[in-house]
Amino acid sequence: MASVNLCFHGIGTPQRQLEDGEDVYWITEQVFADVLDLLDGRPDVRLSFDDGNASDHAIALPALQSRGLTATFFPIADRLDQAGSLATEQLRELVAAGMDIGTHGLRHRPWRGLTDAQAEEEFVVARQRIADAVGRPITEAACPLGRYDRATLARLRRLGYSRVYTSDRARCRDESWLQPRYSLWSSDTAGSIREIVQRRPSAKQRLLDGARIAVKRLR
Ligand SMILES: [Zn+2]
Numbered sequence: 195m196a197s198v199n200l201c202f203h204g205i206g207t208p209q210r211q212l213e214d215g216e217d218v219y220w221i222t223e224q225v226f227a228d229v230l231d232l233l234d235g236r237p238d239v240r241l242s243f244d245d246g247n248a249s250d251h252a253i254a255l256p257a258l259q260s261r262g263l264t265a266t267f268f269p270i271a272d273r274l275d276q277a278g279s280l281a282t283e284q285l286r287e288l289v290a291a292g293m294d295i296g297t298h299g300l301r302h303r304p305w306r307g308l309t310d311a312q313a314e315e316e317f318v319v320a321r322q323r324i325a326d327a328v329g330r331p332i333t334e335a336a337c338p339l340g341r342y343d344r345a346t347l348a349r350l351r352r353l354g355y356s357r358v359y360t361s362d363r364a365r366c367r368d369e370s371w372l373q374p375r376y377s378l379w380s381s382d383t384a385g386s387i388r389e390i391v392q393r394r395p396s397a398k399q400r401l402l403d404g405a406r407i408a409v410k411r412l413r
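So, in structure tokens, the structure goes:
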């Protein structure tokens, strides 16, 4: 079955200094609630949260729970327990509430052209640190800044990752190892997201999406 993956970053007011360019991925609490309200009866829409912001626990968790929704959270290992980001205890509360946890790497740098030492940090050290925090193995990864290349994907496969999430704005098949997602922007509204969720891409659009992603996978 074809699904839509929506990806959230921050919700509400950031509680930390944002990196350059991060602010365009923050949405208001109202838009977040409105988007979740679109998803009643839509099990084909799957939700994830990147960057491990404190709003994952303070805002997203209660909003998901009150609607009976679940999601996958991808924290950044180096930001755990930092002000404005998830604390270890909050990550455990997400797990206890039935949420899934993956890894978004160690330092939030692009997963392109990594040296062996950098790849070890991003794919092995970060995964272990998050696994230790939640007390269970981590098998899924989300590429920081949507960046990846062929070497990155080959490494992730070799290291046994069961699924890798990107930001390639296309529908995906449930069984796909590589999962494109639609990241929400601060300019998004419930209306713009409804259009993404309800749109049925034409055969031509699907071909174009497939070609665009193939270029990134193979470079
Ligand atoms: Zn990120």
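Numbered by our numbering, the letters in the sequence shown go through residues 195 to 413 in order.
Just so it is clear, CB atoms sit at the ideal spot from N, CA and C, and this is done for glycine as well.
Nothing here was measured: the structure is a model prediction, and the numbers come from that model.
Classification of residue i by the beta-carbon crowding that lies within 10 angstroms, buried from 16 upward
{"i": "Ala196", "result": "exposed"}
{"i": "Gln284", "result": "buried"}
{"i": "Glu213", "result": "exposed"}
{"i": "Gly215", "result": "exposed"}
{"i": "Leu412", "result": "exposed"}
{"i": "Gly246", "result": "buried"}
{"i": "Ser279", "result": "buried"}
{"i": "Asp244", "result": "buried"}
{"i": "Glu369", "result": "exposed"}
{"i": "Ala405", "result": "exposed"}
Close Cβ partners of residue i (< 6 Å) along its chain, the five nearest in sequence each way excluded
{"i": "Leu339", "result": "Pro304"}
{"i": "Leu353", "result": "Phe317"}
{"i": "Ile407", "result": "Asp362"}
{"i": "Trp220", "result": "Gly204, Ser380"}
{"i": "Ile387", "result": "Val229"}
{"i": "Thr360", "result": "Cys337, Gly340, Pro374"}
{"i": "Leu241", "result": "Leu200, Ala265"}
{"i": "Ala325", "result": "Pro331, Ile332"}
{"i": "Arg306", "result": "Arg341, Asp343"}
{"i": "Glu315", "result": "Leu300"}
Selection from the options that minimises the alpha carbon distance to residue i
{"i": "Ala345", "options": "Arg330, Thr309, Asp234, Leu263", "result": "Thr309"}
{"i": "Gly296", "options": "Gly278, Tyr355, Ala277", "result": "Tyr355"}
{"i": "Leu263", "options": "Asp275, Ala227, His298", "result": "Ala227"}
{"i": "Ala252", "options": "Glu287, Leu300, Ser381, Leu233", "result": "Glu287"}
{"i": "Gly385", "options": "Val218, Pro208, Asp217, Gln224", "result": "Gln224"}
{"i": "Asp378", "options": "Ala405, Asp217, Arg210, Pro208", "result": "Position check: residue 378 holds Leu in this sequence, whereas Asp was assumed. Considering only alpha carbons, the answer is Asp217."}
{"i": "Phe268", "options": "Arg393, Gly278, Met293, Gln259", "result": "Met293"}
{"i": "Ala254", "options": "Ala320, Arg210, Glu389, Phe202", "result": "Phe202"}
{"i": "Asp272", "options": "Asp326, Ala320, Gln259, Thr383", "result": "Ala320"}
{"i": "Thr222", "options": "Pro208, Asp234, Leu232", "result": "Pro208"}
{"i": "Arg210", "options": "Gln259, Leu258, Ala277, Pro256", "result": "Ala277"}
{"i": "Gly329", "options": "Arg367, His298, Val289", "result": "Val289"}
Contact set for residue i: own chain, Cβ-Cβ below 8 Å, skip 5 residues either direction
{"i": "Val358", "result": "Glu334, Ala335, Ala336, Cys337, Tyr342, Leu347, Leu350, Trp371, Leu372, Gln373"}
{"i": "Gln236", "result": "Before going on, a small fix: residue 236 reads as Arg here, not Gln. Cβ within range, chain order: Val391."}
{"i": "Arg365", "result": "Ala196, Ser197, Val198, Pro374, Pro395, Arg400, Asp403"}
{"i": "Gln312", "result": "Arg303"}
{"i": "Arg323", "result": "Ala271, Leu274, Leu300"}
{"i": "Arg261", "result": "Leu230, Asp231, Leu233, Asp234"}
{"i": "Asp238", "result": "Met195, Ala196, Ser197, Val198"}
Residue range of the unbroken alpha helix (DSSP H) whose run includes residue i
{"i": "Ala313", "result": "310-313"}
{"i": "Val328", "result": "320-328"}
{"i": "Ala408", "result": "397-412"}
{"i": "Leu255", "result": "255-260"}
{"i": "Leu350", "result": "344-352"}
Cβ neighbours of residue i in the same chain (closer than 7 Å, five flanking residues each side left out)
{"i": "Ser249", "result": "Gly204, Ile205, Gly206"}
{"i": "Ala281", "result": "Asp275"}
{"i": "Gln259", "result": "Ala291"}
Segment limits, beta strand (DSSP E) that includes residue i
{"i": "Ala252", "result": "Taken as a continuous stretch (DSSP letters only), Ala252 belongs to no beta strand (DSSP E), as it is neither H nor E."}
{"i": "Glu389", "result": "Looking at the DSSP string, Glu389 is not in any beta strand (DSSP E); the run it does join, the alpha helix (DSSP H), is 384-392."}
{"i": "Thr266", "result": "266-268"}
{"i": "Arg240", "result": "239-244"}
{"i": "Glu369", "result": "Careful: Glu369 lies outside any beta strand (DSSP E) and carries neither H nor E."}
{"i": "Arg357", "result": "357-359"}
{"i": "Ala335", "result": "334-336"}
Any non-hydrogen atom of ligand 3 within 7 Å of residue i CB
{"i": "Leu200", "result": "Ligands present in the displayed structure are limited to ligand 1, and ligand 3 is not among them."}
CB contact below 8 Å: residue i versus chain C
{"i": "Gly292", "result": "Within the model displayed, chain C is absent; a lone protein chain is all it includes."}
Requested in this report: Return the chain-ordered ranges of every alpha helix (DSSP H) run that is complete within the region 200-232 and spans a minimum of 4 residues.
Outcome: Taking only runs of at least 4 residues, the alpha helix (DSSP H) segments lying wholly in the region 200-232 are 223-231.
Report task. Give, in chain order, every unbroken run of the alpha helix (DSSP H) that is at least 4 residues long and sits entirely within the region 273-301. Result -> 282-290, all fully within the region 273-301.
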